[in-house]
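Working notes, structure below.
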Amino acid sequence: MTAAIEIRGLSKRYGVVQALDGIDLEVPRGEFFGLLGPNGAGKTTLISILAGLARADRGTARVMGHDVLADYRAARHALGVVPQELVFDPFFTVRETLTIQAGYYGLRANRAWIDEVMQHLDLTAKADANMRTLSGGMKRRVLVAQALVHRPPVIVLDEPTAGVDVELRQGLWQFVRRLNRDGHTVVLTTHYLEEAEMLCDRIAMLKGGRIVALDATADLIRRFHAIYLQVRFEGAMPARLAPLAVESEAGRYTFKLAEYADVETALAELRAAGCRILEMEVIQPDLEEVFVQIMRGEGGTQH
Amino acid sequence: MERSTEPIERAAAGTDGAGSAPWAGFSTLLYKELLRFWKVGVQTIAAPVLTALLYLLIFGHVFEDRAQVYGQLSYTAFLVPGLVMMSMLQNAFANSSSSLTQAKVTGSIVFVLLPPLSHAEFFSAYVLAAVVRGLAVGAGVLAVTLPLAPVPIAHPLWAVAFALAGCAILGTLGVIAGIWAEKFDQLAAFQNFLVVPLTFLAGVFYSIHSLPAFWQRVSHLNPFFYMIDGFRYGFFGLSDVDPRLSLAIVAVFLVGLSAVTLALLKSGYRLRH
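Chains as they are written, first to last, in my numbering: chain C, 1 to 303; chain H, 1001 to 1273.
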């Protein structure tokens, strides 16, 4: 089966800025894929090329096997994009906006689906409100709905939760997860790394237009397999444990350990030294830490 | 990873294959463009009709006994077809150009760039909406000016042909201007330094026979002149140039501009960066 997204040697330059520098990427069907990176890393450029909003200087991009240039109609049919900017057409109501958007894809009689999408995104009450009168969060929901009116097999969300309240974020993720369970491929860019960690099967990290890390989310985190043991205890610090302490504050020590088995060893040391443990917490590495290290250049190279 | 593939097929069904039928999105884009100007009809139809009426009242009053046009024809009557055509041309241009520029400035242009609309669908929808707006304004101007200055309509089909071609040309120019302009002041420049002068110098307010020979020849280089001259022939059966020649020139101009516009759309110029 062809991949949902297939990118080969994609490069794009804007003036002096090399926005993309030879990107190769394949996203299989049904995957929930995360695209992470600092501002200016090339995430939006990559999405724009996929969506036909920008043209690559070199390389090819395919959506569901359809080249985004040579076979742009089929490629765009297969793709739903939630743009980053909070854009709207001030002339229309929510329902008009969605009906018109569906019509661009040649879909007329899909009122039921539009109703369903509106319901899932809590837009039903605002169906006949003019776009101008909606709050920012509501406009964001309409953008999501617009991307879904033609039931695209591949959905790209470019920072959909920027500036969105917690309630909507939860609702949105529930909905997007459901779409993913139903078989839609989802590509997400976000600045909220805990979101990416929670949602994405696999993650690519972009920096300066290049992919600097690409792996299953769990593996990516495991590669930074330091875990942290935070303990507050009474008694003297055992000598063997002292070098592992990376932080100490008000009798609370943080030890950097290589793996979970080391937790046991550390606790045994404390017991042997006659210490009494008052509080304890094991902190696992999270995506944020991985991200920061990779962006600092500590993440090493692509595997 | 392993996932049930059944829903994938389901989700992909109908949207993954060859896409929709050609021209499936065209009628929606046309409808959207019509709805856009209809919703602000006071601004897009009533206002230009009022403007044309003021032109007729004021210029008609000032020049009625002074300007020489065609033989017995009163100046006010001569003015009517010119004003109708001018209003149609300006509004056809305004429709496509301002719709595109506004969408670019606000970013809502992505809503028409993301769907699988072909270049020809995109082009035709914007131009046709511009033609409809132009004709609506033209009909309005004609309706309010006829009671004030009765004019014959000698060859209605000629008038309709030139009205359609003129609106299509200006609608096309509007698409070009909308693609080119990144901001509203660039659009205003296109309008003020190209569209308005070419329209005014095309003989809306005068017959070019009243001009010195040199300026008559210059006027013949202005494609807008043939639109207005041909349109006026539809009313009076009189024109400066044979209407068949005018229509041929106008048609060639329209085809040429359309080809340029389609090439711009295909290249992605200023729309797909």
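For glycine and all other residues, C-beta sits at the position ideal for the given N, C-alpha and C.
Query: So, do the segment 88-101 of chain C and the segment 157-171 of chain C have three or more beta carbon pairs nearer to each other than 8 Å?; Result: no
Query: If I measure Cβ to Cβ from GLY34/C and keep anything under 6 Å in the same chain, skipping five residues before and after, which residues do I get?; Result: LEU188, ALA196, CYS200, ILE203
Query: Entirely within the segment 212-252 of chain C and at least 3 residues each: give me those beta strand (DSSP E) ranges in chain order.; Result: 227-234, 245-249
Query: Which residues share a DSSP beta bridge with ARG73/C?; Result: Answer is none; ARG73/C lacks a bridge partner.
Query: Quick check on LEU1117/H - is its C-beta less than 8 Å from some C-beta in chain A?; Result: Here chain A cannot be found, since the structure's protein chains are C and H.
Query: Grab the span of the alpha helix (DSSP H) containing TYR1126/H for me, first residue to last.; Result: 1119-1145
Query: By the three-class DSSP mapping on this structure, what secondary structure does HIS66/C have?; Result: strand
Query: LEU287/C and GLY42/C look like a contact to me (Cβ under 8 Å); what is the Cβ gap, rounded to whole Å?; Result: Their Cβ separation, rounded to whole angstroms, is 19 Å, which puts LEU287/C and GLY42/C out of contact at 8 Å.
Query: Does the pairing of the segment 1206-1219 of chain H with the segment 1126-1144 of chain H give three or more beta-carbon distances under 8 Å?; Result: no
Query: Can you give me the Cβ contacts of GLU194/C inside the same chain, cut-off strictly under 8 Å, excluding the 5 residues immediately before and after it?; Result: ASP286, LEU287, GLU288
Query: Around the C-beta of MET1/C, are 16 or more other C-beta atoms found within 10 angstroms, so that it is buried, or is it exposed?; Result: exposed
Query: Find the nearest neighbour of LEU157/C within the set PRO28/C, MET131/C, ALA216/C, GLN84/C, judged by alpha-carbon distance.; Result: GLN84/C
Query: Using three-state DSSP, classify TYR260/C as helix, strand or coil.; Result: coil
Query: Between LYS12/C and the rest of its own chain, which residues show a CB-CB distance below 6 Å, the 5 nearest in sequence each way excluded?; Result: ALA19, LEU20, THR45, ALA56, ASP57
Query: Could you name the residues of chain H that ILE100/C contacts, counting a contact when the two beta carbons are closer than 7 Å?; Result: THR1028, LYS1032
Query: With the cut-off set at 8 Å, would you say VAL144/C and MET131/C are in Cβ contact?; Result: no
Query: Helix, strand or coil: which one does DSSP assign to ILE1249/H?; Result: helix
Query: In this structure, how does DSSP classify ASP1185/H when only helix, strand and coil are distinguished?; Result: helix
Query: Got a sec? Which residues, its chain only, sit under 8 Å from LEU1083/H by beta carbon, not counting five neighbours each side?; Result: ALA1052, TYR1055, LEU1056, VAL1141, THR1145, VAL1204
Query: Name the two residues that bound the continuous alpha helix (DSSP H) containing ARG181/C.; Result: 166-181
Query: Given this structure, state the Cα-to-Cα distance separating PHE1063/H from THR1076/H, to the nearest angstrom.; Result: 8 Å
Query: Check this for me: beta carbons of VAL1127/H and THR1172/H, under 8 Å apart or not?; Result: yes
Query: At least one CB of chain C closer than 8 Å to the CB of GLY1025/H: is that the case?; Result: yes
Query: Can you find a CB in chain C that lies within less than 8 Å of the CB of LEU1135/H?; Result: no
Query: Any beta-carbon of chain C closer than 8 Å to the one on GLY1178/H?; Result: no
Query: Of all the options SER1118/H, PHE1236/H, GLN1186/H, GLY1174/H, which has the alpha carbon lying nearest to the alpha carbon of SER1267/H?; Result: SER1118/H
Query: Does the segment 224-235 of chain C touch the segment 254-272 of chain C, meaning 3 or more C-beta pairs lie closer than 8 Å?; Result: yes
Query: Between which two residues does the beta strand (DSSP E) harbouring VAL142/C extend?; Result: From DSSP, VAL142/C is part of no beta strand (DSSP E) but of the alpha helix (DSSP H) over 136-148.
Query: Following a CB-centred definition, is VAL1250/H positioned closer than 7 Å to any heavy atom of the ligand MG?; Result: Absence of the ligand MG is noted for the structure shown, with no ligands found whatsoever.
Query: Report the residue from TRP173/C, LEU53/C, PRO153/C whose alpha carbon sits nearest the alpha carbon of HIS184/C.; Result: PRO153/C
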